[in-house]
Each structure stands twice: as C-alpha cells, then as structure tokens.
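Chemist: Going by the numbering used here, the first residue of the sequence shown is number 12, and it counts up by one from there.
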Amino acid sequence: MTGTHVQARAQHRWAGLGVLVLAVTLVALDATVLSLAIPSISGTLRPSSTQLLWIGDAYSFVLAGLLVSMGALSDRIGRKRLLLLGSTAFGAASVLAAYAPSPGWLILARALLGVAGATIMPSTLSLIRALFPDARERATAIGIWGAGATAGAALGPLVGGVLLEHFWWGSVFLLNLPVLALLLALGAWLLPESRDPRPGRWDVASVALSMAGVIGVVYAVKEAAAHGPFTHWSIPASFAVGAAALVLFVRRQLRLDTPLLDVRLFADRRFTAAVVATLTSLIGLSGVIFFMSQYLQLVRGMSPLAAGIAELPAFAGAVAGGLLTARAARRFGTRATLTAGLLAMGAGIAVLGLLHRDSAYLLLGTSFLAAGTAEGVVYTLASDLVLGSAPAEKSGAASAVSETAYELGTALGIALVGSAVTAIYAGALTVPEGVSAEGAAQARESIGGAVDVAAALPGPLGTRLLDGAELAFVHGVNTAAWLAAALLLTAAATSWILLRTRRPARREEGHPAPAEARPAPRTHEPVH
12 MTGTHVQARA QHRWAGLGVL VLAVTLVALD ATVLSLAIPS ISGTLRPSST
62 QLLWIGDAYS FVLAGLLVSM GALSDRIGRK RLLLLGSTAF GAASVLAAYA
112 PSPGWLILAR ALLGVAGATI MPSTLSLIRA LFPDARERAT AIGIWGAGAT
162 AGAALGPLVG GVLLEHFWWG SVFLLNLPVL ALLLALGAWL LPESRDPRPG
212 RWDVASVALS MAGVIGVVYA VKEAAAHGPF THWSIPASFA VGAAALVLFV
262 RRQLRLDTPL LDVRLFADRR FTAAVVATLT SLIGLSGVIF FMSQYLQLVR
312 GMSPLAAGIA ELPAFAGAVA GGLLTARAAR RFGTRATLTA GLLAMGAGIA
362 VLGLLHRDSA YLLLGTSFLA AGTAEGVVYT LASDLVLGSA PAEKSGAASA
412 VSETAYELGT ALGIALVGSA VTAIYAGALT VPEGVSAEGA AQARESIGGA
462 VDVAAALPGP LGTRLLDGAE LAFVHGVNTA AWLAAALLLT AAATSWILLR
512 TRRPARREEG HPAPAEARPA PRTHEPVH
C-alpha cells in the first residue's frame with residue numbers, strides 16, 4: 012500500500028471520528044441544554060416540583076435503563092446501522108418535545124429522546140475501536156471523543172441561553188434537527204460497519220429484567236429522597252421489584268452462553284474502577300449543576316444568555332481536560348490521574364458550599380472551571396479503561412456499561428441532590444404573614460413558584476417572601492454541594508484502592524510464571 016493510500020485511510024478514520032464526536036456531543040448537549048429553560052417551562056407549563064424533576068431526569072432514566080440492551084443489540088445488528096436508526100428517531104422525538112403542550116407530554120417526549128439516545132451512545136464508543144485498532148491512536152481518539160461528550164454537557168447551558176434570549180423554550184430541542192441531518196449524511200459515508208461475528212441471540216428476558224431493575228430501583232430512590240421511603244407503599248415495592256430484577260438479571264447472564272451483558276467484566280479491577288468513578292462523579296456533579304442555572308437566573312437575576320456565559324468555564328475546562336487526559340495518564344499513570352481528577356472535582360464542587368446570594372463571580376468561575384476540567388479527565392479516562400479491558404467483539408456491550416454509569420449517575424444526581432435541595436429549601440423557607448395558604452404552598456414547591464407568588468403580592472410583602480426564598484434556596488445548594496463533595500472524595504478513595512497494582516509472586520530465576528498469572532493475549536483488531 013502506497014504512502015498516499017495510508018494517509019488517505021488515516022484521514023478517513025479521523026473524519027469518521029469527527030462524526031462520532033458530533034453524535035456524542037449532541038446527546039450530551041440534550042441532557043443539559045434544558046437546565047436554563049426550566050424557569051421558562053415553569054412559567055409556561057406550570058409543572059409541580061415532582062414533574063419538574065421528572066422533566067429534568069426522565070431522559071437520563073430511560074437512557075440508563077436501555078443502554079445495556081442497546082449496546083448488546085449494536086453488537087448484533089451493526090453499530091453503524093443502530094447509530095443511524097437512533098439518530099433518525101432522536102430527531103422525531105425532538106419535535107415532540109419542542110411542541111409539548113403540558114408537563115406530562117414533555118416528560119413523555121424526554122423519555123422517547125432517552126430511548127433514541129440509548130441507541131447512539133454505545134455505538135459511538137465501540138465504533139472508535141473499529142476505526143482505531145492501535146492502542147495509542149485509540150487513546151488519543153477517546154480523548155477527543157471524551158472532550159466532545161463533556162463539552163456537550165457543559166455547552167448545553169450556553170446554547171440554551173442563546174436560544175432562550177430570542178426564542179421560546181421549545182427551540183432548545185429543534186436545535187437537534189440540523190445537527191442530526193449532518194450526522195446522518197456524513198455517518199452513512201464515513202463510518203465503517205462493525206459487529207460481533209458470533210453474537211448469539213438477543214435475550215428478550217434479559218432486556219426486560221435490566222430495564223425493570225434499573226428503572227424500578229432508580230424510581231424508588233428518587234421518590235424516597237423526595238417524600239420519604241415509607242410515605243407510600245409503591246416506593247418500597249418498586250425498590251424490592253427492581254432489586255429482585257437486577258439479581259435475576261445477573262444470575263441469568265452467568266448462565267447464558269451469549270449473555271446480554273458479560274458481568275464477568277467486573278472481575279477486572281480496571282473495569283470496575285472506571286464504572287464506579289463515572290457513576291459517583293456524575294451523581295455528585297449533575298445534581299448541583301442542575302440547580303446552578305436556577306441560582307443564576309432566579310437568585311442572581313441573570314438572563315438565560317448571561318447565565319450560559321457565566322457557566323462557560325465549565326465548557327472550556329471540559330474540552331481541555333478531555334484533550335489532556337491521554338498525556339497526563341502516560342506521565343503520571345492511570346491510577347494517579349483518575350484519583351486526582353475525582354479529588355479536583357470534589358474540591359471544585361465544595362467551593363459552592365461557600366456560595367451566598369451576592370458571591371463574587373470569581374468563586375463561581377473557579378468552581379465551574381475546576382469541576383469541568385476534572386470531569387473531562389475522569390470521563391475520558393474511565394471510558395478508555397472500559398474499552399481497553401473488554402474484548403473487541405464485546406465493545407458495544409462494554410461501552411454501554413460505561414454510558415449506563417454516566418447516565419444513571421446524571422439521573423440519580425438530579426433525583427437525589429435535586430430532592431435534597433428541594434426538601435432543604437421547603438424546610439428553610441419562612442413564609443411571611445399575609446401570604447395565602449395557596450400562595451405559601453406554591454412558594455414551597457420551588458423557588459420558581461416563590462418568584463411567581465412574590466410578583467403578584469404587594470411590594471414589601473413580595474420582597475420579604477422573595478428574600479426568604481432566595482436564602483432558603485442558597486442554603487439548599489450549599490448543603491447539596493458539601494454532600495456531593497464528600498461523595499467524590501469517597502469515589503477517589505475507591506478508585507485508588509481498585510487500581511492498586513498487585514505485586515506478582517516471587518519465583519526462582521529461570522522458572523516461568525504459571526499460565527494463569529500471565530495475561531491472556533487480546534486482539535485489538537476491529538470486527539467488520
């Protein structure tokens with residue numbers, strides 16, 4: 012093969028990577044672009060506090076519940092094919108969300124977006140393995156891919172702010188359509204097809220068990236955090252059903268010749284460390300960030316565009332962190348880099364525990380920059396660990412585990428941290444005398460409700476209510492930030508322990524290591 016042909020193939024690979032980065036950026040963007048639109052949605056659709064949380068995390072819940080199933084499906088029918096089919100469905104669901112006439116409709120549309128997104132995410136990461144069989148090139152490619160994913164999540168508020176400055180809240184969903192059109196056109200041309208040559212059958216019972224397990228447990232945790240674990244019989248019942256389904260799912264995978272998810276992957280400490288790091292970091296990060304957009308607009312009085320610009324350091328940091336990860340890991344080692352990333356993210360979020368109503372922007376900017384940079388490092392490195400520790404033919408299913416941890420962490424973060432902020436806010440809010448019982452109930456639902464009630468009250472009374480609501484909300488954010496920081500410190504310690512290198516047993520000179528002590532050979536060739 013001539014040098015010109017080699018160069019052309021290399022250029023084709025990197026162009027294909029650009030398509031995958033576009034896809035993952037879009038899915039990540041859709042998870043956060045809604046955050047700045049929450050105040051507008053509250054004013055237009057009048058959702059309850061519970062509906063508001065569901066609008067925020069229905070997307071991630073469904074995405075998390077289906078990623079493993081869709082990852083295994085991509086190994087069977089082809090990763091490129093599923094990516095293109097999912098992108099088409101994502102566009103249709105975006106239109107439904109944009110024109111939602113009620114909170115229930117919007118929650119349903121966000122769930123459908125999650126179904127479509129679940130077909131896109133694992134396909135992108137596993138196709139990187141097909142495009143880049145060389146481990147060093149693949150590490151660089153995953154760094155760029157990770158930068159796109161974290162940058163998309165961080166860029167969401169800025170994009171949302173620009174759109175909301177000129178259009179109604181539904182425009183944040185219609186933004187997906189031109190991007191998807193470009194993705195479909197370029198993806199059909201540049202991406203190779205890749206699948207497992209011996210996939211076995213797609214076990215429907217495993218699909219049902221995985222969905223029931225994830226959604227049942229997450230729903231129970233969310234409702235317990237919002238209302239208490241025993242306020243309604245459905246909460247412990249959902250948890251019991253979900254936990255039982257997960258146990259049955261694991262037992263079934265161990266018996267099947269071709270499991271939907273090879274749970275033996277978790278025997279690899281690198282794989283487990285990566286999944287734990289991704290899950291816990293996103294639980295800590297996503298819940299706090301979800302409420303920061305409300306803080307900037309409803310407490311600080313910023314416009315959506317100004318709030319998006321204020322969060323820009325998180326975007327810049329996420330890009331830088333993702334691109335620098337491979338170099339940092341080669342210089343300092345995977346263990347030190349991943350642990351340092353989790354510690355830095357915890358420190359960045361802990362800064363928000365010092366937040367006041369009128370804190371200087373330097374405090375906010377420092378927190379956003381530190382958390383964004385650290386998240387770029389953690390997410391990129393964890394993805395590389397997952398992909399490198401799984402056999403090539405199972406890359407779709409392994410990638411799905413990584414993405415499930417990401418989306419499940421996002422959903423749990425909004426549910427748990429969001430519910431904690433809401434509960435602390437409601438408990439700390441003192442409604443002044445003169446406010447009707449109906450107005451007081453609305454004010455305790457959310458800070459958005461308090462702003463609406465205060466606007467309809469006489470000047471001094473409305474001002475007192477608004478002051479109390481702002482103080483209570485900031486108190487909730489402070490407490491949630493400290494809790495999230497503690498969780499990230501725990502994740503850092505866990506990753507440090509799991510990635511500890513085991514010393515090989517000493518043996519006499521001239522005697523080879525036993526067969527079980529030697530690493531099994533692994534092919535990194537793509538499966539076409």
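All residues carry an ideal CB built from backbone N, CA and C; glycine is no exception.
1. Would you kindly check if the distance between the Cβ of residue 296 and the Cβ of residue 489 is under 9 Å?
2. Please go through the same chain and pick out, in chain order, the residues whose beta-carbon is closer than 8 Å to the beta-carbon of residue 432, but skip the five residues on each side of it.
3. Hey, how far is the Cα of residue 517 from the Cα of residue 327?
4. Suppose only complete runs of 4+ residues qualify. What are the alpha helix (DSSP H) ranges in the segment 130-197, listed by chain order?
5. Within 10 Å of its beta-carbon, does residue 86 have 16 or more other beta-carbons around it, so buried, or fewer, so exposed?
6. What span of residues does the alpha helix (DSSP H) with residue 101 cover, start to end?
7. Going by the CB atoms, is the gap between residue 76 and residue 225 shorter than 9 Å?
8. Apart from the five residues just before and just after residue 375, which ones in its own chain have a Cβ nearer than 7 Å to its Cβ?
9. By Cβ distance, which residues of its chain are closer than 7 Å to residue 102, with the 5 residues on each side in sequence left out?
10. Are the beta-carbon atoms belonging to residue 88 and residue 398 less than 9 Å from one another?
11. Could you pull out every unbroken beta strand (DSSP E) segment of at least 3 residues lying fully inside the segment 437-481, listed in chain order?
12. Are the segment 455-466 and the segment 383-397 in contact at 8 Å, needing three or more beta carbon pairs?
13. Between the C-alpha atoms of residue 1 and residue 331, what's the straight-line distance to the nearest angstrom?
14. Could you check whether residue 172 and residue 319 sit closer than 9 Å to each other, using their CB atoms as the reference points?
15. DSSP three-state label for residue 31, please.
16. State buried or exposed for residue 184, treating a residue as buried only when at least 16 other CB atoms are found within 10 Å of its CB.
17. Report yes or no: do three or more beta-carbon pairs, one from the segment 212-225 and one from the segment 251-268, lie closer than 8 Å?
18. Would you kindly work out how many angstroms separate the C-alpha atoms of residue 262 and residue 304, rounded to a whole number?
19. Between residue 440 and residue 482, what straight-line distance do the alpha-carbon atoms span, to the nearest angstrom?
20. Are there 16 or more other CB atoms within 10 angstroms of the CB of residue 312, so buried, or fewer, so exposed?
21. Could you tell me which of 377, 81, 82, 117 sits nearest to residue 67, measuring between CA atoms?
22. Could you spell out where the alpha helix (DSSP H) holding residue 341 opens and where it closes?
23. Count Cβ pairs between the segment 141-153 and the segment 94-113 that sit closer than 8 Å; are there 3 or more?
24. Just the C-alpha distance for residue 198 and residue 104, rounded to the nearest angstrom, thanks.
25. Does DSSP put residue 313 in a helix, a strand or coil?
26. So, at 7 Å on beta carbons, what are the nonlocal neighbours of residue 251 in its own chain, with the 5 sequence-adjacent residues on each side left out?
27. For residue 508, does the count of other Cβ atoms within 10 angstroms reach 16, so buried, or fall short, so exposed?
28. Assuming residue 72 and residue 229 are in contact, meaning their beta carbons sit under 8 Å apart, how far apart are those beta carbons, in whole angstroms?
29. Secondary structure at residue 250, three-state DSSP: helix, strand or coil?
30. What did DSSP end up calling residue 50 once you bin it into helix, strand or coil?
31. What distance in whole Å lies between the Cβ atoms of residue 416 and residue 290, which are believed to be in contact at a cut-off of 8 Å?
32. Apply the 10 Å Cβ neighbour rule to residue 471 and answer buried if 16 or more other Cβ atoms are within range, or exposed otherwise.
33. Within a Cβ cutoff of 6 Å, which residues of the same chain sit near residue 281, ignoring the five residues on either side of it in sequence?
34. Can you check whether the CB of residue 70 is closer than 9 Å to the CB of residue 111?
Modeler: The structure says:
1. Reading the sequence shown from its first residue, position 478 is the one you call residue 489. Reading the sequence shown from its first residue, position 285 is the one you call residue 296. At least 9 Å separates the beta-carbon of residue 489 from that of residue 296.
2. In the sequence shown, counting from the first residue as 1, residue 432 sits at position 421. 298, 302, 484, 487, 488, 490, 491.
3. On the sequence shown, residue 517 is found 506 positions in, with the first residue counted as 1. On the sequence shown, residue 327 is found 316 positions in, with the first residue counted as 1. Unreliable positioning characterises residue 517 in this predicted model, as indicated by a pLDDT of 43, which lies under 50. The coordinate reading is nonetheless provided below. Cα atoms of residue 517 and residue 327: separation of roughly 48 Å, rounded to the nearest angstrom.
4. Within the segment 130-197, the alpha helix (DSSP H) runs of at least 4 residues that lie entirely inside it are, in chain order, 146-177, 182-185.
5. The sequence position of residue 86 within the sequence shown is 75, counting from 1. With a 10 Å radius around the Cβ and a threshold of 16 neighbouring Cβ atoms, residue 86 comes out buried.
6. Here residue 101 refers to the residue found at position 90 of the sequence shown. Residue 101 -> alpha helix (DSSP H) spans 90-109.
7. In the sequence shown, counting from the first residue as 1, residue 225 sits at position 214. In the sequence shown, counting from the first residue as 1, residue 76 sits at position 65. Judged by their CB atoms, residue 225 and residue 76 are nearer to each other than the 9 Å cut-off.
8. Numbered from 1 along the sequence shown, position 364 holds the residue referred to as residue 375. Excluding residues within five positions, the ones whose Cβ falls inside 7 Å are 321.
9. Indexing the sequence shown from 1 puts residue 102 at position 91. Only residues of its own chain outside the window of five on either side were considered, and among them 187, 188, 191 have a CB closer than 7 Å to the CB of residue 102, listed in chain order.
10. Indexing the sequence shown from 1 puts residue 88 at position 77. Indexing the sequence shown from 1 puts residue 398 at position 387. With respect to the 9 Å criterion, residue 88 and residue 398 are not classified as neighbours on the basis of their beta carbons.
11. Runs of the beta strand (DSSP E) inside the segment 437-481: none found.
12. Using a Cβ-Cβ distance cut-off of 8 Å, the segment 455-466 and the segment 383-397 are not in contact, since fewer than three pairs of beta carbons, one from each stretch, lie closer than that value.
13. Any property of residue 1 remains undetermined from this structure, which presents the chain solely from 12 to 539.
14. To locate residue 319, count along the sequence shown from 1; it is residue 308. To locate residue 172, count along the sequence shown from 1; it is residue 161. In this structure, residue 172 lies closer than 9 Å to residue 319 by Cβ.
15. The sequence position of residue 31 within the sequence shown is 20, counting from 1. Correct three-state label for residue 31: helix.
16. As a working mapping, residue 184 is identified with position 173 in the sequence shown. Residue burial annotation: residue 184 is buried, with at least 16 other C-beta atoms found within 10 angstroms of its C-beta.
17. Contact check between the segment 212-225 and the segment 251-268: three or more CB pairs, one atom from each, fall below 8 Å, which counts as touching.
18. For the purposes of this step, residue 262 is taken as the residue at position 251 of the sequence shown. For the purposes of this step, residue 304 is taken as the residue at position 293 of the sequence shown. C-alpha separation (whole angstroms): 42 Å.
19. Taking the sequence shown and counting its residues from 1, the one referred to as residue 440 is at position 429. Taking the sequence shown and counting its residues from 1, the one referred to as residue 482 is at position 471. Distance between the alpha carbons of residue 440 and residue 482 is about 8 Å.
20. In the sequence shown, residue 312 corresponds to position 301, counting from 1. It counts as exposed.
21. As a working mapping, residue 67 is identified with position 56 in the sequence shown. The shortest C-alpha separation from residue 67 is found at 117.
22. In the sequence shown, the residue the question calls residue 341 occupies position 330. Counting along the chain, residue 341 sits inside the alpha helix (DSSP H) bounded by residues 323-343.
23. In short, these stretches do not touch, since the Cβ pair count stays below three.
24. Numbered from 1 along the sequence shown, position 187 holds the residue referred to as residue 198. Numbered from 1 along the sequence shown, position 93 holds the residue referred to as residue 104. Roughly 20 Å separates the two Cα atoms.
25. Counting from 1 along the sequence shown, the entry for residue 313 is found at position 302. Here residue 313 carries a coil assignment [DSSP, helix/strand/coil].
26. On the sequence shown, position 240 is the one that residue 251 refers to. So no residue of the chain qualifies.
27. As a working note, residue 508 is residue 497 in the sequence shown. With fewer than 16 other Cβ atoms within 10 Å, it is exposed.
28. Here the question's residue 72 lines up with position 61 in the sequence shown. Here the question's residue 229 lines up with position 218 in the sequence shown. Right, the Cβ-Cβ distance comes to about 6 Å (below 8 Å), so this counts as a contact.
29. If you number the sequence shown from 1, residue 250 lands on position 239. Residue 250 carries a helical assignment under DSSP once its states are collapsed to helix, strand and coil.
30. Residue mapping note: residue 50 aligns to position 39 of the sequence shown, counting from 1. It is helical.
31. Here residue 290 refers to the residue found at position 279 of the sequence shown. Here residue 416 refers to the residue found at position 405 of the sequence shown. That belief holds up - the Cβ atoms of residue 290 and residue 416 are roughly 4 Å apart, short of 8 Å.
32. Numbered from 1 along the sequence shown, position 460 holds the residue referred to as residue 471. That one is exposed.
33. As a working mapping, residue 281 is identified with position 270 in the sequence shown. Residues 396, 400 of the same chain have their beta carbon placed closer than 6 Å to that of residue 281, with the five preceding and five following residues left out of the count.
34. The residue given as residue 111 occupies position 100 in the sequence shown. The residue given as residue 70 occupies position 59 in the sequence shown. Annotated as distal: residue 111 and residue 70, with beta-carbon spacing of 9 Å or more.
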